[in-house]
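Sequences listed follow chains Z and V, in order. If you use this note's numbering, the first sequence corresponds to residues -11 to 144, in order. If you use this note's numbering, the second sequence corresponds to residues 86 to 226, in order. The C-beta atom is built at its ideal place from N, Cα and C for all residues, glycine as well.
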Amino acid sequence: MSAPVAARPTTVDPRAPRFGAAITAVLLLVDVFLGVAGSTLASVLLLAAVTALFAWGAFAGIRRHPYGLLFRRFVRPRLAPPGDLEDAAAPTFAQLIGFVVTVAGLAVALAGVPLAAPIAAGVAFLAAFLNAVFDFCLGCELYLLLVRAGVLGRRR
Amino acid sequence: MVVIAALVVAALVLAASVLGLLWRTTTGRARRVRGPVVRPHELGADALGARATLLQLSTPMCTQCGPTARLLGAEAAARPGVLHLEVDVSERLGLADRFQVLQTPTTLLLDADGRVRGRIGGRPRPDLLARELDLLLESPA
Chain Z
-11 MSAPVAARPT TVDPRAPRFG AAITAVLLLV DVFLGVAGST LASVLLLAAV TALFAWGAFA
49 GIRRHPYGLL FRRFVRPRLA PPGDLEDAAA PTFAQLIGFV VTVAGLAVAL AGVPLAAPIA
109 AGVAFLAAFL NAVFDFCLGC ELYLLLVRAG VLGRRR
Chain V
86 MVVIAALVVA ALVLAASVLG LLWRTTTGRA RRVRGPVVRP HELGADALGA RATLLQLSTP
146 MCTQCGPTAR LLGAEAAARP GVLHLEVDVS ERLGLADRFQ VLQTPTTLLL DADGRVRGRI
206 GGRPRPDLLA RELDLLLESP A
């Protein structure tokens, strides 16, 4: 057997982050629609709201995210117990990636670049959709790539 | 503008679905390879499995690594001489570079000599994993 990556302390029902990702994906898709349709202000405001929600998940942890509370209150009681629990660190990190993407889009949009908000929303939508529908965590996969590139952690 | 926006939204959903389906058809499948030999000290381990080793490359930010570890552990435990080793490649970047690990978990199937004979990206499909492992045990060289 093996040891190293053990110590998976705080866990979460894997369906909770996917539930949250589904809501996020819908919000981001609406944002893309608003931005491309010409409602720039509405698009920027909605992106700001999604950015704030990503920040909540990234800095308070996925378990304290409002979508998680919604899930535990209204969805979880209707489901069978989860087969597997997963480490909360990974979805929390994915929230951080979502935050970085959307806050960058927000900054560029506020600098007056047209379509910056819907483009950032489109990128973030891709990740949220893959997470919700296919259970593929794109943000998590970026972790190793960022460590390998020397952006995160220390390159030995 | 509203028509264009609707088209953009539809195209985004379509593109994301195609990407997801592509990922789903490729993930968890074993690719037979004839790679280099892995030595136990590279993994911080004392020894490899006497007959085969399931070498799981993980990171701490990985949703599928826990379930994969349980699956590989059970498959290894069911076969004498087969060892499951899990390594955090974000701590051993040399391994990540050497095996060009882009996704985690990535599982390398090592034969009795430690030679890489198979590679699985993503959470392995239990039936395919069992088949590849049994095939490897039947053809040791």
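Residue i to residue j, Cα distance in whole Å?
i: Val93(V); j: Gly127(Z); result: 23 Å
i: Phe42(Z); j: Ala68(Z); result: 28 Å
i: Pro165(V); j: Gly134(V); result: 9 Å
i: Val201(V); j: Val103(V); result: 31 Å
i: Asp212(V); j: Leu195(V); result: 18 Å
i: Ala13(Z); j: Pro65(Z); result: 23 Å
i: Leu97(V); j: Leu16(Z); result: 11 Å
i: Val32(Z); j: Leu94(Z); result: 7 Å
i: His126(V); j: Ala78(Z); result: 28 Å
i: Pro121(V); j: Ala82(Z); result: 33 Å
i: Ala(-6)(Z); j: Arg210(V); result: Residue confidence is low: Ala(-6)(Z) scores 45 on pLDDT, short of 50, so the model does not pin down where it sits. Its coordinate-derived value is still stated next. Each residue's alpha carbon lies about 22 Å from the other.
i: Gly71(Z); j: Pro102(Z); result: 45 Å
i: Leu157(V); j: Ser27(Z); result: 51 Å
i: Cys150(V); j: Asp131(V); result: 22 Å
i: Ala101(V); j: Val18(Z); result: 15 Å
i: Tyr131(Z); j: Leu140(Z); result: 8 Å
i: Phe124(Z); j: Ala215(V); result: 23 Å
i: Gly129(V); j: Leu168(V); result: 14 Å
i: Thr138(V); j: Ala197(V); result: 8 Å
i: Ile11(Z); j: Ser224(V); result: 49 Å
i: Arg(-4)(Z); j: Glu74(Z); result: Any reading at Arg(-4)(Z) needs caution, since the residue's pLDDT is 48, under 50, leaving its predicted position unreliable; the model's value is listed next. If you take the alpha carbons of Arg(-4)(Z) and Glu74(Z), they lie about 8 Å apart.
i: Val24(Z); j: Ala137(Z); result: 34 Å
i: His53(Z); j: Arg136(V); result: 46 Å
i: Val87(V); j: Leu22(Z); result: 9 Å
i: Val135(Z); j: Ala115(Z); result: 19 Å
i: Arg119(V); j: Val174(V); result: 21 Å
i: Leu220(V); j: Ala91(V); result: 51 Å
i: Leu98(Z); j: Val20(Z); result: 16 Å
i: Leu35(Z); j: Asp1(Z); result: 27 Å
i: Glu176(V); j: Asp182(V); result: 12 Å
i: Ala95(V); j: Ala163(V); result: 48 Å
i: Pro(-8)(Z); j: Val63(Z); result: Residue placement at Pro(-8)(Z) is flagged as unreliable, the pLDDT there being 44, under the threshold of 50; the coordinate-derived value follows with that caveat. Using only the alpha carbons, I get a separation of about 34 Å.
i: Thr148(V); j: Leu170(V); result: 18 Å
i: Gly105(V); j: Leu99(V); result: 10 Å
i: Gly100(Z); j: Ile89(V); result: 22 Å
i: Leu107(V); j: Ala37(Z); result: 31 Å
i: Arg109(V); j: Gly206(V); result: 11 Å
i: Met(-11)(Z); j: Tyr55(Z); result: Residue confidence is low: Met(-11)(Z) scores 41 on pLDDT, short of 50, so the model does not pin down where it sits. No coordinate-derived value is stated.
State the CB to CB distance for the pair residue i and residue j, rounded to an integer number of angstroms; the pair is presumed to be in contact (CB under 8 Å).
i: Arg208(V); j: Leu193(V); result: Not a contact, Cβ separation roughly 15 Å.
i: Thr189(V); j: Glu129(Z); result: 7 Å
i: Arg124(V); j: Gly179(V); result: Going by Cβ atoms, the distance from Arg124(V) to Gly179(V) rounds to 12 Å, so no, they are not a contact pair.
i: Ala112(Z); j: Thr90(Z); result: 5 Å
i: Val172(V); j: Leu140(V); result: 7 Å
i: Asp160(V); j: Leu218(V); result: In the sequence as presented, Asp is not what sits at residue 160(V); that position holds Glu. Yes, they are in contact, since the Cβ atoms of Glu160(V) and Leu218(V) sit about 6 Å apart, within 8 Å.
i: Thr(-2)(Z); j: Ala92(Z); result: Actually they do not touch by this definition, with Cβ atoms about 28 Å apart.
Identify the continuous alpha helix (DSSP H) that holds residue i and give its terminal residues.
i: Val122(V); result: No alpha helix (DSSP H) holds Val122(V); DSSP gives it neither H nor E.
i: Phe59(Z); result: Here Phe59(Z) belongs to no alpha helix (DSSP H), and DSSP marks it neither H nor E.
i: Phe124(Z); result: Run containing Phe124(Z): none; DSSP gives neither H nor E here.
i: Arg109(V); result: Val87 to Thr111
i: Thr90(Z); result: Ala77 to Leu98
i: Ser31(Z); result: Thr28 to Ala48
i: Asp19(Z); result: Arg3 to Ala25
i: Asp212(V); result: Pro211 to Glu223
In the DSSP assignment, the beta strand (DSSP E) including residue i goes from what residue to what residue?
i: Gly203(V); result: Val201 to Gly206
i: Arg64(Z); result: Here Arg64(Z) belongs to no beta strand (DSSP E), and DSSP marks it neither H nor E.
i: Ala115(V); result: Ala115 to Arg117
Taking contact to mean at least 3 C-beta pairs separated by less than 8 Å, is the region 29 to 49 of chain Z in contact with the region 106 to 115 of chain V?
-> no
Count the CB pairs spanning the region 119 to 128 of chain Z and the region 49 to 64 of chain Z that are closer than 8 Å, and state whether there are at least three.
-> no
With contact counted as at least three CB pairs below 8 Å, one residue from each stretch, are the region 56 to 74 of chain Z and the region 2 to 12 of chain Z in contact?
-> yes
Any alpha helix (DSSP H) of 4 or more consecutive residues that is wholly inside the region 133 to 190 of chain V = 150 to 162 and 178 to 183
Just checking, does the region 98 to 109 of chain Z make contact with the region 139 to 156 of chain V on the three C-beta pairs under 8 Å criterion?
-> no
Just checking, does the region 83 to 103 of chain Z make contact with the region 24 to 41 of chain Z on the three C-beta pairs under 8 Å criterion?
-> yes
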